[in-house]
Amino acid sequence: MKLRTHAACGILLATLVSPRISFGILCWAVIWSVISDFDVYIPTVSHREITHTLAFALFSGALVLALEFASFYAILASLCVILHILMDSLTPNGVPLWIPFSTKRVRFPIIGGWIRSDNWIVNLSIQIIAIGAAIVIISS
9 MKLRTHAACG ILLATLVSPR ISFGILCWAV IWSVISDFDV YIPTVSHREI THTLAFALFS
69 GALVLALEFA SFYAILASLC VILHILMDSL TPNGVPLWIP FSTKRVRFPI IGGWIRSDNW
129 IVNLSIQIIA IGAAIVIISS
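Residue numbers (the numbering used here): 9 to 148.
Written as structure tokens, this is what we have:
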């Protein structure tokens, strides 16, 4: 999936789990929704490897707690990373969900593998639906 798609879904997730939405919470969700893809900027790390695992999601939450943020922010960070992983598990390459226990790549059941990450129609559709749903939730 594209970064914008992950960001849009992170915004939707934040509106679903936050009792009071703020610009800061939305920014926090966007950052943690896209952070898994920053592995492309690290020469020694392959894309969609360690940053696309449950271990990384748990590490993200633990890091936020260690930096003495409120537990809500740690939970939101982990949930955003998990959402990113789930979205990328829809693609043909899947994700190595269980590293360090297994390197086998996992795809989402039934529909996993049918969606290419560069499919602009799918990405745009998800973005529109996610942002539209977030607006409805915030407005109500």
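Note that CB positions come from ideal geometry on N, CA and C, so glycine has one too.
For residue i, the nearest candidate out of the options (CA to CA)
i, options, result
"G69", "H60, I58 and Y81", "Y81"
"K112", "N101, W122 and I118", "N101"
"D96", "H55, L66, E76 and I136", "H55"
"L66", "W106, C35, S133 and A141", "W106"
"G120", "F46, D126 and L98", "L98"
"I43", "A15, S110, L20 and L24", "A15"
"A141", "K10, L21 and P117", "L21"
"V114", "Q135, E57 and T23", "E57"
"A37", "V89, S133 and L73", "V89"
"L62", "Q135, I93 and I39", "I93"
C-alpha gap between residue i and residue j, whole angstroms
i, j, result
"V48", "T59", "10 Å"
"W122", "N131", "13 Å"
"S41", "L91", "7 Å"
"W128", "A138", "15 Å"
"V25", "P51", "35 Å"
"F116", "A78", "31 Å"
"F109", "F64", "13 Å"
"F9", "L34", "In the sequence as displayed, the identity of residue 9 is Met instead of Phe. The alpha-carbon atoms of M9 and L34 are separated by roughly 19 Å."
"V72", "S125", "28 Å"
"F46", "I136", "24 Å"
"T75", "I83", "In the sequence as displayed, the identity of residue 75 is Leu instead of Thr. One C-alpha to the other measures close to 13 Å."
Classification of residue i by the beta-carbon crowding that lies within 10 angstroms, buried from 16 upward
i, result
"V103", "buried"
"V53", "exposed"
"G18", "buried"
"A85", "buried"
"L87", "buried"
Do the region 134-147 and the region 17-31 make contact, defined as three or more Cβ pairs closer than 8 Å? At 8 Å Cβ cutoff, the stretches touch.
At what residue ranges does the region 20-48 contain a whole run of the alpha helix (DSSP H), taking only runs of 4 or more? Secondary structure in the region 20-48: the alpha helix (DSSP H) runs of 4 residues or longer, each lying completely within the stretch, are 31-42 in chain order.
Length at least 3, wholly inside the region 56-129: the beta strand (DSSP E) runs in chain order: Whole beta strand (DSSP E) segments, 3+ residues: zero.
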